[in-house]
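Take a look at the structure below.
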Ligand code: GDP
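Numbering (full-length UniProt numbering), first residue to last: 1 to 300.
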């Protein structure tokens, strides 16, 4: 994955140096941990996550499981892999469907994060799996957001609930509520509610998203974040957690070549799992996020 190319290369280099050694001394372990720390920081992984991660790796690498291993270097790589899976959220977390349909999924995040595109991706993926999703256009902030969602809905082959001109325009909370009601009446089993973002964290946007959340009581609130925004990812995630809160994270633009380490910090810093990854502009560039697969890709 392009986003983590540099990090992968750096870690591969570190492990290559380690493999030339037989038994590992404390100095070898410290040197390796220092290099891992530098590689993670350069990839923009948040300092507190790096500290916790390297602390655990160091402790385990100095312990018996490495000391007694036939191949200590390989054992250290294994430990790094396991700890990376942990900071990425551990087990894969799947969508939780409501016992009584429809399952309500609300999307939140900054403007340009990829929410509208994601709405289409998620809907298409769900429809392929036998669900009957509908999209709700509650982003009334951007002039053509509603049209954009209609285009995405058509591409995905799923219907879109959009406000009639003059009816609910300017009131996204009402559109969201009416959209959910409509979905119930039409027996859709999943409703995906797109909401408005702003270019930066903004009190009005947070209030609107929190009001929508309160009005529709979603089963999942997915925080959509552009992996390319670097260190701002962490403060943005924290602001959304405080302002709206979310049940899961979606990383977008993992196809980009920016350092994606900040995005890697989010699960660990917020305690919320990364549930999906978006890797391009096409509706098929989308997949459930597997912490173990991502860790393997980074360490490949
Ligand atoms: P929103 O403002 O959060 O609804 O964001 P949009 O869905 O409109 O996406 C903003 C831009 O990012 C659009 O040009 C999308 O085509 C693009 N985009 C969305 N997801 C991805 C992705 O995973 N990779 C890439 N390269 N572009 C994406």
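The beta-carbon is built from N, C-alpha and C at its ideal position, and this holds for glycine as well.
Exposed is the label assigned to residue 55, since fewer than 16 other Cβ atoms lie within 10 Å of its Cβ. A distance below 6 Å between beta-carbons, with the five flanking residues on each side excluded, links residue 222 to the following residues of its chain, in chain order: 107, 248 and 250.
Every alpha helix (DSSP H) stretch that sits fully inside the region 116-173 and reaches 4 residues is listed by chain position as 145-156.
Inclusion of residue 29 and residue 62 in the CB contact set at 8 Å is warranted, their separation being smaller than that value. Residue pairing of residue 276 in beta bridges, as defined by DSSP: 250 and 288. CA-to-CA, the gap between residue 171 and residue 246 works out to about 22 Å. With respect to the C-alpha of residue 91, the residue from 289, 296, 121 and 300 having the closest C-alpha is 289.
Around the CB of residue 179, 16 or more other CB atoms lie within 10 Å, so the residue is classed as buried. Taking 8 Å as the upper bound for CB-CB distance, residue 113 and residue 225 are in contact here, some 6 Å apart. Contact check for residue 36 and residue 80: beta-carbon distance about 7 Å, within the 8 Å limit, so the pair qualifies. Assignment of residue 13 by DSSP, reduced to helix, strand and coil, places it in the helix class. Residue 222 carries a strand assignment under DSSP once its states are collapsed to helix, strand and coil. For residue 108, the enclosing beta strand (DSSP E) has its first and last residue at 103-108. The way I'd put it, the region 257-273 doesn't touch the region 145-160; fewer than three beta-carbon pairs between them come closer than 8 Å. Pairing residue 132 with residue 188, the inter-Cα distance amounts to about 5 Å. Cβ neighbours of residue 199 within its own chain (closer than 8 Å, five residues either side excluded): 110, 111 and 112. CA-to-CA, the gap between residue 27 and residue 18 works out to about 11 Å. Between the alpha carbons of residue 284 and residue 70 lies a distance of about 43 Å. DSSP places residue 201 in the coil class of the three-state scheme, outside both helix and strand. In the displayed model, residue 49 falls within a helix according to three-state DSSP. Look at residue 194 here: in three-state DSSP terms it is strand.
Under the criterion of beta carbons closer than 8 Å, residue 127 and residue 156 qualify as touching, at roughly 7 Å. Around the beta carbon of residue 217, fewer than 16 other beta carbons sit within 10 angstroms, so the residue counts as exposed.
With at least 16 other beta carbons inside 10 angstroms of its own, residue 89 counts as buried.
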